[in-house]
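Chemist: Same order as they appear, the protein sequences are chains A and B. Read in UniProt numbering, the first sequence has 297 at position 297, and its numbers run on one by one without any break. Read in UniProt numbering, the second sequence has 346 at position 346, and its numbers run on one by one without any break. All C-beta atoms in this analysis are idealised placements derived from N, C-alpha and C, irrespective of residue type, glycine included.
There are 2 protein chains.
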Amino acid sequence: MSTLDPVLSHLDAHLDKSLDRLFELLKIQSISTDPAYKAECRKAAEWLVEDLKAIGFDASVRDTPGHPMVVAHHEGAAPDAPHALFYGHYDVQPVDPLNLWEHDPFAPAIEEVEKGRKIITGRGTSDDKGQLMTFVEACRAYKAVHGSLPCRITILFEGEEESGSPSLKPFLKAHADELKADFALVCDTGMWDRETPAISVGLRGLVGEEITIKAADRDLHSGFFGGAAANPIHILSRILADLHDENGRVTLPGFYDGVEETPTQILQMWEGLGRTAESFLGPIGLSVPSGEKGRSVLELTWARPTAEVNGITGGYTGQGFKTVIAAQASAKVSFRLVHSQDPDKIRASFREFVHARIPADCSVEFDAHGGSPAIQLSYDSPLLTKAKDALSDEWPKPAVLIAMGGSIPIVGDFQSMLGMESLLVGFGLEDDRIHSPNEKYELQSFHKGQRSWARILAALAKGTAA
Amino acid sequence: MSTLDPVLSHLDAHLDKSLDRLFELLKIQSISTDPAYKAECRKAAEWLVEDLKAIGFDASVRDTPGHPMVVAHHEGAAPDAPHALFYGHYDVQPVDPLNLWEHDPFAPAIEEVEKGRKIITGRGTSDDKGQLMTFVEACRAYKAVHGSLPCRITILFEGEEESGSPSLKPFLKAHADELKADFALVCDTGMWDRETPAISVGLRGLVGEEITIKAADRDLHSGFFGGAAANPIHILSRILADLHDENGRVTLPGFYDGVEETPTQILQMWEGLGRTAESFLGPIGLSVPSGEKGRSVLELTWARPTAEVNGITGGYTGQGFKTVIAAQASAKVSFRLVHSQDPDKIRASFREFVHARIPADCSVEFDAHGGSPAIQLSYDSPLLTKAKDALSDEWPKPAVLIAMGGSIPIVGDFQSMLGMESLLVGFGLEDDRIHSPNEKYELQSFHKGQRSWARILAALAKGTAA
Chain A
1 MSTLDPVLSH LDAHLDKSLD RLFELLKIQS ISTDPAYKAE CRKAAEWLVE DLKAIGFDAS
61 VRDTPGHPMV VAHHEGAAPD APHALFYGHY DVQPVDPLNL WEHDPFAPAI EEVEKGRKII
121 TGRGTSDDKG QLMTFVEACR AYKAVHGSLP CRITILFEGE EESGSPSLKP FLKAHADELK
181 ADFALVCDTG MWDRETPAIS VGLRGLVGEE ITIKAADRDL HSGFFGGAAA NPIHILSRIL
241 ADLHDENGRV TLPGFYDGVE ETPTQILQMW EGLGRTAESF LGPIGLSVPS GEKGRSVLEL
301 TWARPTAEVN GITGGYTGQG FKTVIAAQAS AKVSFRLVHS QDPDKIRASF REFVHARIPA
361 DCSVEFDAHG GSPAIQLSYD SPLLTKAKDA LSDEWPKPAV LIAMGGSIPI VGDFQSMLGM
421 ESLLVGFGLE DDRIHSPNEK YELQSFHKGQ RSWARILAAL AKGTAA
Chain B
1 MSTLDPVLSH LDAHLDKSLD RLFELLKIQS ISTDPAYKAE CRKAAEWLVE DLKAIGFDAS
61 VRDTPGHPMV VAHHEGAAPD APHALFYGHY DVQPVDPLNL WEHDPFAPAI EEVEKGRKII
121 TGRGTSDDKG QLMTFVEACR AYKAVHGSLP CRITILFEGE EESGSPSLKP FLKAHADELK
181 ADFALVCDTG MWDRETPAIS VGLRGLVGEE ITIKAADRDL HSGFFGGAAA NPIHILSRIL
241 ADLHDENGRV TLPGFYDGVE ETPTQILQMW EGLGRTAESF LGPIGLSVPS GEKGRSVLEL
301 TWARPTAEVN GITGGYTGQG FKTVIAAQAS AKVSFRLVHS QDPDKIRASF REFVHARIPA
361 DCSVEFDAHG GSPAIQLSYD SPLLTKAKDA LSDEWPKPAV LIAMGGSIPI VGDFQSMLGM
421 ESLLVGFGLE DDRIHSPNEK YELQSFHKGQ RSWARILAAL AKGTAA
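#1: Would you please verify whether the beta carbon of residue 498 of chain A is less than 9 Å from any beta carbon of chain B?
#2: Any C-beta of chain A sitting closer than 9 Å to the C-beta of B/A198?
#3: So, with DSSP's three-state summary, where would you put B/T33?
#4: Taking 9 Å as the threshold (beta carbon to beta carbon), is A/T313 in contact with chain B?
#5: For the beta strand (DSSP E) holding B/H146, just list the boundary residues, first then last.
#6: Could you have a look at B/A466 and say whether DSSP puts it in helix, strand or coil?
#7: Given that a residue counts as buried once 16 or more other Cβ atoms are within 10 Å of its Cβ, and exposed if not, what is B/L424?
#8: With DSSP collapsed to three states, give me the class of B/K397.
#9: Under 9 Å Cβ-Cβ, which residues of chain B neighbour A/F280?
#10: Counting only beta-carbon atoms, is B/R336 nearer than 9 Å to chain A?
#11: Taking C-beta pairs closer than 8 Å, name the residues in chain B that A/I284 reaches, listed in chain order.
#12: Which chain B residues are close to A/G291, counting only those with a beta carbon under 9 Å from its beta carbon?
#13: Assuming the contact rule is C-beta atoms closer than 8 Å, A/T251 and B/G227 should be a hit. Round their C-beta distance to whole Å, please.
#14: Measure the CB-CB distance between A/V309 and B/H234 and report whether it falls below 9 Å.
#15: Going by Cα to Cα distance, which pick from A/V186, A/P108, A/V61 is closest to A/D20?
#16: Could you give the first and the last residue of the continuous beta strand (DSSP E) run that contains A/S60?
#17: Starting from the beta carbon of A/G274, find every residue of chain B whose beta carbon is closer than 9 Å, and list them in chain order.
#18: Here's the rule: buried if 16 or more other CB atoms are within 10 angstroms of the residue's CB, otherwise exposed. What is B/S2?
#19: Relative to the ligand HEM, is the shortest distance from any of its heavy atoms to the C-beta of B/E278 smaller than 8 Å?
#20: Any idea what DSSP makes of B/V259, helix, strand or coil?
#21: To the nearest angstrom, how far is the alpha carbon of A/D188 from that of A/K388?
#22: Which partner residues of B/T212 appear in the DSSP bridge assignment?
#23: Taking 9 Å as the threshold (beta carbon to beta carbon), is B/L424 in contact with chain A?
#24: Whose C-beta lies closer than 6 Å to the C-beta of A/A151 among residues of the same chain, with five residues either side of it excluded?
#25: May I ask you to list the residues that DSSP assigns as paired with A/E442?
#26: Taking just the CA atoms, how far does A/A277 sit from B/D217?
#27: Closest to A/E367 by C-alpha separation, out of A/D193, A/L401, A/Q376, A/R351, would be which residue?
#28: Could one say the Cβ of B/A241 lies closer than 9 Å to chain A's Cβ atoms, at least one of them?
#29: Measuring straight from C-alpha to C-alpha, what distance separates A/A466 and A/A78?
#30: In chain B, which residues lie with their C-beta within 7 Å of the C-beta of A/E408?
#31: At which residues does the beta strand (DSSP E) containing B/E421 begin and terminate?
#32: Taking the straight line between their C-alpha atoms, what separation do you get for B/Y441 and A/H355?
#33: With A/M269 as the anchor, note down where its alpha helix (DSSP H) starts and where it stops.
#34: Can you pull the chain B neighbours of A/H355, defined as C-beta to C-beta under 7 Å?
#35: Do the CB positions of A/S381 and A/E430 come within less than 9 Å of each other?
Here it is as structure tokens:
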């Protein structure tokens, strides 16, 4: 008989109790960015430590210069069981403007919004207390049913995710040996839609560069100097225009080094998601994909690198007209990276590209921002296959492998500092209003999320001695 | 015997008296932009009327919705004498910051700054009371010596030049018949250097266009949409970069229609002025002429048209980085026109050029600014030749024909509304600090300026009956 089925039944039978626990955690006002809630943050950490101890974890509150971390360990059933590091965060966003909330953000409740669909309301329900408790409840049920966990588990909860995670890197560095596992599980993500679970296998990296072109040592009158003095806006425009060719490809030498073509079966899976140029761009008032020609919007935003100008300024920008030739002009340029593109090489290539376009009597200054490589799980890793099948067993539709256009810093840190890949699984939905008033988490996400983690843990342990 | 010599002697003999009169006018605080000085502006107009009447002009103060005009008429000695309209302005700039003035700005004085070089200090000495009085004194001397003026003279002094001349066009329109003459004399300009008088024969025109490119209906996250959604800064950069070819020529179709090559002897005259790329661009920290290749900086700024971006803005321009794709981006673009370039055609060509570069799902809005053609005197007009010779007789070095990169609106108004060319002659120097504290006018400019006008009037009248 399966070891999994009784765990799933246990989760079903004890859903109410798990909600009670979640509500206790949700009532703690752990707003990390506001010093007034410092004690509440510690209270949340302590509550989690007590709860994990009750399951049998070796759990403790760890002080940092900011809000504390929670670290907990539990052995696996078998000595060769895989070792997973589960990451989540117990801090929440501020709740202003309070008058836009329909209920007290720290008085969680269950509400039936339509027949058969219930939501849990309150700050932190989806981001991230509800999500992290799905994993804790899966562990609790396993322990209750079998007296053991199928995998060796280390848990890391931080309390500063919503305020820039200042303590995270130093903590990872100081406790690398304790925290290193075979892989990480990160729950801070979402489903594709209400019926389709998703695993994020790619996160684009980012290189940011601010460039400032300097020409004359003061602003000039364009009547007096126009036609003879260098105009830094012209130089800047030329550089930015040269960044793309007529097919939308980025022209930086070496830019596409390390970019792989996405496997056909993955492209087909994405096609099956039905996100067309119309459905993606229509809601923002556009219709024509602007990037590399001949690729779908999902491939463009998930698996292709970009160069985007995020801001530009120079000369007179107020009302009316001023016939000035500016002394300087600047732009903020960012590159989204995929696969194994090297941030340092791309930054160097860009700077060389710019320098080559600066007239002899002008100069350029660079200000570096960001510089993180992309994260890309191998599409055929066993970790991914096991998790995908486990999720597909639980939900109405098979799990899809998706990517994210943006980055999640912790995933890069796990990769670079602890040498671990991350499996990104979460049950949030796009309409969860995280960071906004009236945050909610679907009751289905909380319940089937617990069951999903139980399935995933079982799948990951399969083939080991227990 | 020459009719001119006794006039010049008279001017020399009465320099002190002419200074007394100038000081009276300078003491009137006719700051046009500040309503507190309204009565002072009228007082200056009335003072001028009385002074002109004393010479024998039929002079009057003319009310406008703003500060009054002064209009005065005097017949010429001969019935077929040419008719000149002389223009100047009696209002002055504000004097803030007062603490930077070495003397009371409205207590004019004469100061010897080096051996043999005296200056007249005070607000309005150079801009424009000192300049306009050089002409009035020339008329006075002629009248005193000969009982007549060599030309028929109409004088127009305005009192709003330093505050945008709101009443000027309506006044010119309402009094076109009264003010129309054979040509205009405008004294609001300067010498090439202390020894070299100059006549401005070209003033570049101006077409201004503000363009705003609109893409998505909101700012977008570049992680989520980057690579698929149109970026208006990219579109704008491409447009601006396309405006010039690799030789610095403007690429707008038809842009050079009406642009003439400058005669070789004029180019040689300009070369003789010794303004090199180094001497022109060095003081502003530059060295390489940026415009059309193979032309001198004087030709580029005096006789060639330009396209300049005066301002650009889009996306995030604050400190640090924000990975946004902007909903819109805009630029202010101006074209300096020469010779007979047509402002309307150039505006239309630019708009077509921009439209052709806007993707199907984006849009552009235009906001028109300015729209004045260039002013160009024929290099071989008799008016010019006579004035040039007259100035060359007075000063140590021969007069040069120069141009101005910017525009003087009154000259365009005389051209378009009264059908008159303007002869631009003045005796200001670059270091006169007009609009700034410690404005001054060289005593030599005031004295030899009077003599120059006497010579010019005599030269213009030559060949007529008197």
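Modeler: So, from the listed chains and residues:
#1: Residue 498 of chain A falls outside the range modelled here, since chain A spans only 1 to 466, and no answer is possible.
#2: no
#3: coil
#4: yes
#5: No beta strand (DSSP E) contains B/H146, which is instead part of the alpha helix (DSSP H) from 129-146.
#6: Residue placement at B/A466 is poorly supported in this model, since its pLDDT is 48, which falls under 50; the coordinates still yield a value, given next. Three-state DSSP puts B/A466 in coil, outside helix and strand.
#7: buried
#8: coil
#9: F225, A228, A229
#10: yes
#11: A216, D217, R218, L220, F225, A229
#12: G226, G227, A228, A229
#13: So it is not a contact: roughly 15 Å between Cβ atoms.
#14: yes
#15: A/P108
#16: 58-62
#17: None at all; the shortest Cβ gap to chain B is about 16 Å.
#18: exposed
#19: Judged by which ligands are present, the structure shown has none, so any question about the ligand HEM falls away.
#20: coil
#21: 17 Å
#22: B/S330, B/E365
#23: no
#24: Note on identity: in this sequence residue 151 of chain A is Cys, with Ala being the wrong assignment. Cβ neighbours of A/C151 beyond the five flanking positions: G76, A81, P82, A84, L457, L460, A461.
#25: A/I119
#26: 16 Å
#27: According to the sequence provided, residue 367 of chain A is Asp. The question's Glu does not apply to it. Among A/D193, A/L401, A/Q376, A/R351, the Cα nearest to that of A/D367 is on A/R351.
#28: yes
#29: For A/A466, the pLDDT reaches just 48, beneath the cut-off of 50, and the residue's location in the model is therefore unreliable, although a value from the coordinates is still provided. If you take the alpha carbons of A/A466 and A/A78, they lie about 5 Å apart.
#30: Before going further, note that residue 408 of chain A is Ile rather than Glu in the sequence given. Near A/I408 there are no residues of chain B at all, since even the closest Cβ is about 10 Å away, more than 7 Å.
#31: Premise fails: B/E421 is in no beta strand (DSSP E) and is neither H nor E.
#32: 47 Å
#33: 264-272
#34: Neighbours of A/H355 on chain B: none; closest Cβ ~16 Å, over 7 Å.
#35: no
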